[in-house]
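**Student:** Chains as they are written, first to last, in the numbering used here: chain A, 60 to 400; chain B, 60 to 400. Even for Gly, the Cβ is constructed at its ideal location relative to N, Cα and C. None of the values given here were measured: they were computed from a predicted structure.
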C-alpha cells in the first residue's frame, strides 16, 4: 500500500501553487499518495496550470479533498483552531485521525498547525509536551537536530529530557546516525554555566538513557559534531530565526558585492558551481520542514516561505516517519523509562 | 590630555602578542596612551619582537605595568577573581579605579573580566545589573546593539528595561544613531508571543522613555532595521555564539568549494575583492569588543580569539566611551527615571 500524506494546500505564503508543485514532485518520485486539502477549485486550477489536469492519467496518486476555510498567518491561533472547523489544516488533520492519511504536512501558521495537531492527533501517553524538531545543515553534511524550536516557550527539565530522547530516536531513525550524541544548549561547556533551567536539567540528562555529552554552545550547531541539541522552545526558535536571517544576509551581501565590477561578475560566473553547492548545503528546504515529535500521529511543519522542494521533502520526512514507526518507538522508549523511574 | 586605556596584555588566546600589536596600532592612530598590564619581561620581549623596543623613541605612548599572575580560560571565575590579586586583569582594573587609566580592555576569561569589573569598578547607583552589549554587523552597515550577551543568564523585566535605556544611549553616543529604535527579542511580533519574561517586560518597555517598537525576532538582527535589541543574557549569548559559528561555517564552506576546481579557483581570485568586502562587513573585530554597560567606569571585553585589529578597535570604543561620558549619561537618565517612578 502507498503511504498517504495529507497536505494542507492553503497554508504557505504562496499557497496553493507551491503545495501543488511539491505534491506533484512527491507523487512522481517518492511513491506516495497525496491528498491535497483546500479549496477544490483553486487546487484544480493550479494542477491544470502546472500541466497535471488529471493526475490519474499521468499515474500520479494525487487527490483533492475540499475544505472551504483558511487559517491565515494573522489569525489569532486559539480562536482560529476552535472556530474554523472546515479549515484546510483542520480537515487534513481529521483525515489523519480517521486513518485516511498516514501523516500531515503544512506550511501554514505554525502556532495554528501545532495546536491543531495536538488537538486532533493527540499527544502520546508518555509524552508531556510535543516538540518541534528543526534540522540544521552542518559542515559534515548530516543535519543537527535542534529541539524544541518553537512548540513550548516555557519548559521544565523533565520536558527537556523527553526532547533529548525523542531527538535521539529521530536522529537514529530518520537521519541514520548510529549512536547520536546529545548536547544541552547553554552558554558555556562547564556544568555551572547556563541558567536555572539548564543547571537543573543537567543531572536529569546525565541519568537518561542517551549518549549525553553535556552543555554545548551556539557555535556547535553547525560543525556537525553534535547530533542532537536540546533547548527550551523560546531559545530554539530564536536560534532558528537568527540562523535564517544571517544566511539570508550573507547571501544578499555576496550577491551585491559580486555584482559590483565586471571582474567580480566574471569571477562569480566562474565560481557559480561553488556558490550553488554552498547554497544547497545551507538550504533548509533540503531537510524538508520540522517534524512535531511526541504526537500520536505524524505532523511535519514547513516554513511559510517554503518552496516546492521543501514541501516535497517534508512529504518525504512524513513518509519516513511513518515507515520508521517513529511515534511507536518514542512511546515505547519513554514508556519504558516511566516504568523504571 | 591623552586618554589612557589599561590593556590586559595576558588575556587573549594569543597573549601577549595580539594585545601588544593592538596597543601599538592604537597608540599610532588613536592618540591614546596605553598601559600594557602583565608579565613585564614577556611584554617587553613582544614589543621588541614587533619592532618597538623603546616606544617613547617612536613617540608611542605605551607603558608596561607589571602584574605577575594570569587568569586562564579554565580558571574557576569566583576563586580566580578573589585569590589572584596580582592578575593582569585585576591590576588593570585597579589602575582604572585609582584614576590612573580611563578605561579597561581585556580579551581574557569573560566571566572573570566581568566579575572583576563589577568588583573593582563598581556598578552605577541607578543600575541593577551591568549588561554586556554585543555589536552585530548589519546589511546597512551600522551595527545593531544586542544586550545582554552574557553578563546575566537570569533577568527580570526591570533589568531588561534598564538594558533598553543603556543600549539606546550607546547606539546614540557611540554608533551615532539619532533616535535609535528598540526591540524586545522574542519569537513572534505579536504581543502575546514570547515567554513569561518577554510578556511581562512588554508593558514596562512601552512606558519607558525609549523609541520602543515591540517584539522583534532573530532575523531582525542583521537587517539593520532595529538599532537596539534587548534580551536576557542567556538568549543573547546563545545568539552571539550561534552567529559566530554560522559565519565561520559559511566562510569555511565557501573556501572549500571555491578550491575544488581550477575554474572556481580562478573565479575566486577574480572575485577576491567581493569576498574581502563581505568578510569585512561580517567581521566582528571591526566593532571592537563588547562594552560592559552600567559600571561606574569603563570596561570593554574582547573575544578570546581577537586579532590585533579587534584589540585596537576595543581601545577606540573605550576611548569614545570615556570621551562621550557614557557612564554619566546612563546614570543621569536612569536616575531621572527612578525619581519619576
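Hey, does residue 364(B) have any beta-carbon neighbour from chain A nearer than 8 Å?
**Tutor:** No, no contact with chain A.
**Student:** Do you know whose CA, among 223(B), 321(B) and 123(B), lies nearest residue 239(B)'s CA?
**Tutor:** Looking at the Cα atoms, 223(B) is the closest of the given residues.
**Student:** Identify every residue that forms a DSSP beta bridge with residue 122(B).
**Tutor:** For residue 122(B), which the question treats as bridged, DSSP gives the partners 94(B).
**Student:** My output table needs one value for residue 205(B): the three-state DSSP class, helix, strand or coil.
**Tutor:** Note: residue 205(B) maps to strand in three-state DSSP.
**Student:** Consult DSSP for residue 111(A) and reduce its assignment to one of helix, strand or coil.
**Tutor:** If DSSP states are grouped into helix, strand and coil, residue 111(A) belongs with coil.
**Student:** Counting only Cβ pairs nearer than 8 Å, list the residues of chain A close to residue 209(B).
**Tutor:** By Cβ distance, chain A contributes 246.
**Student:** Indicate whether the contact test is met: 3 or more Cβ pairs, each with one atom in the stretch 174–181 of chain B and one in the stretch 364–375 of chain B, closer than 8 Å.
**Tutor:** With the cut-off at 8 Å, the stretch 174–181 of chain B and the stretch 364–375 of chain B do not touch.
**Student:** At a CB distance below 9 Å, what residues from the stretch 233–257 of chain B approach chain A? Give them in sequence order.
**Tutor:** Flagged, chain order: 244, 245, 246, 247, 249, 251, 252, 253, 254, 255, 256 and 257.
**Student:** Could you spell out where the alpha helix (DSSP H) holding residue 298(B) opens and where it closes?
**Tutor:** Element bounds for residue 298(B): 292–317.
**Student:** Is DSSP giving residue 269(B) helix, strand or coil here?
**Tutor:** Reduced to three states, the DSSP call for residue 269(B) is coil.
**Student:** Would you mind reading off the limits of the beta strand (DSSP E) that contains residue 380(B)?
**Tutor:** No beta strand (DSSP E) contains residue 380(B), which is instead part of the alpha helix (DSSP H) from 367–382.
**Student:** Compute the Euclidean distance between the alpha carbons of residue 76(A) and residue 252(A), then round it to the nearest angstrom.
**Tutor:** In a straight line, the C-alpha of residue 76(A) is about 47 Å away from that of residue 252(A).
**Student:** Looking only at C-alpha atoms, which of 220(B), 276(B), 161(B) and 233(B) sits nearest to residue 249(B)?
**Tutor:** Nearest of 220(B), 276(B), 161(B) and 233(B) to residue 249(B), Cα basis: 276(B).
**Student:** Among 295(B), 219(B) and 269(B), which residue has its Cα nearest to the Cα of residue 416(B)?
**Tutor:** Look at the range of chain B in this structure, 60 to 400, and you will see that residue 416(B) is not part of it.
**Student:** Is it right to say residue 149(B) is buried, meaning 16 or more other beta carbons lie within 10 angstroms of its own, or is it exposed?
**Tutor:** Counting Cβ neighbours within 10 Å, residue 149(B) comes out buried, since at least 16 surround it.
**Student:** Just by C-beta distance, which residues in the stretch 308–319 of chain B are closer than 8 Å to chain A?
**Tutor:** Listed by position along the chain: 308, 309, 311, 312, 313, 316, 317 and 319.
**Student:** How many Å lie between residue 317(B) and residue 319(A) at the Cα?
**Tutor:** So the alpha carbons of these two residues sit roughly 19 Å apart.
**Student:** Using DSSP bridges, identify the partner residues of residue 244(B).
**Tutor:** Answer by DSSP bridge pairing, in chain order: 275(B).
**Student:** Can you pull out the residues from the stretch 183–214 of chain A whose beta carbon lies closer than 8 Å to at least one beta carbon of chain B?
**Tutor:** Of all residues in the stretch 183–214 of chain A, 197, 198, 209, 212 and 213 have a Cβ within less than 8 Å of some Cβ in chain B.
**Student:** Touch check for the stretch 290–306 of chain A and the stretch 200–209 of chain A: three-plus C-beta pairs under 8 Å?
**Tutor:** The stretch 290–306 of chain A is in contact with the stretch 200–209 of chain A.
**Student:** For residue 222(B), return the contacting residues in chain A, with the cut-off set at a CB-CB distance below 8 Å.
**Tutor:** Under the 8 Å cutoff, chain A gives no residues; its nearest Cβ is about 16 Å from residue 222(B).
**Student:** Sorted by chain position, which residues of the same chain lie with C-beta nearer than 6 Å to residue 78(A)'s C-beta, five sequence neighbours on each side aside?
**Tutor:** The answer, listed in chain order, is 66, 68 and 370.
**Student:** Figure out for me which residue from 323(A), 97(A) and 330(A) has the closest Cα to the Cα of residue 122(A).
**Tutor:** Closest option to residue 122(A), Cα to Cα, is 97(A).
**Student:** Quick one: is residue 101(B) near chain A, going by C-beta distance under 8 Å?
**Tutor:** With 8 Å as the cut-off, residue 101(B) does not count as an interface residue toward chain A.
**Student:** Could you tell me whether the Cβ of residue 131(B) comes closer than 8 Å to any Cβ of chain A?
**Tutor:** Chain A contact via Cβ: absent.
**Student:** Is DSSP giving residue 88(A) helix, strand or coil here?
**Tutor:** Three-state DSSP puts residue 88(A) in a helix.
**Student:** Assuming residue 326(B) and residue 327(A) are in contact, meaning their beta carbons sit under 8 Å apart, how far apart are those beta carbons, in whole angstroms?
**Tutor:** Between residue 327(A) and residue 326(B) the Cβ distance is about 7 Å, and since that is below 8 Å, they are a contact.
**Student:** Would you tell me roughly how many angstroms separate the C-alpha atoms of residue 281(B) and residue 301(A), rounded to the nearest one?
**Tutor:** Going by the C-alpha atoms only, they are around 8 Å apart.
**Student:** Using the three-state DSSP reduction, which class does residue 155(A) fall into: helix, strand or coil?
**Tutor:** Helix.
**Student:** Could you pull the start and end residues of the alpha helix (DSSP H) that residue 227(A) belongs to?
**Tutor:** Counting along the chain, the alpha helix (DSSP H) containing residue 227(A) begins and ends at 216–232.
**Student:** Quick check on this structure: which residue in 332(B), 356(B), 363(B) and 337(B) has the alpha carbon closest to the alpha carbon of residue 347(B)?
**Tutor:** Measuring from the Cα of residue 347(B), the nearest candidate turns out to be 363(B).
**Student:** Taking the straight line between their C-alpha atoms, what separation do you get for residue 366(A) and residue 90(B)?
**Tutor:** The alpha-carbon atoms of residue 366(A) and residue 90(B) are separated by roughly 54 Å.
**Student:** Rounded to a whole number of angstroms, what is the C-alpha to C-alpha distance between residue 197(B) and residue 62(A)?
**Tutor:** If I take the Cα positions, the gap works out to 45 Å.
**Student:** Using a Cβ cut-off of 7 Å, pull out every chain C residue sitting near residue 281(B), in sequence order please.
**Tutor:** Of the protein chains in the structure, A and B, none is chain C.
**Student:** Just verifying my parser: in three-state terms, what is the DSSP assignment at residue 128(A)?
**Tutor:** In this structure, residue 128(A) counts as strand in the three-state DSSP scheme.
**Student:** Can you find at least 3 beta carbon pairs, one from the stretch 377–389 of chain B and one from the stretch 349–359 of chain B, that sit closer than 8 Å?
**Tutor:** Touching, yes.
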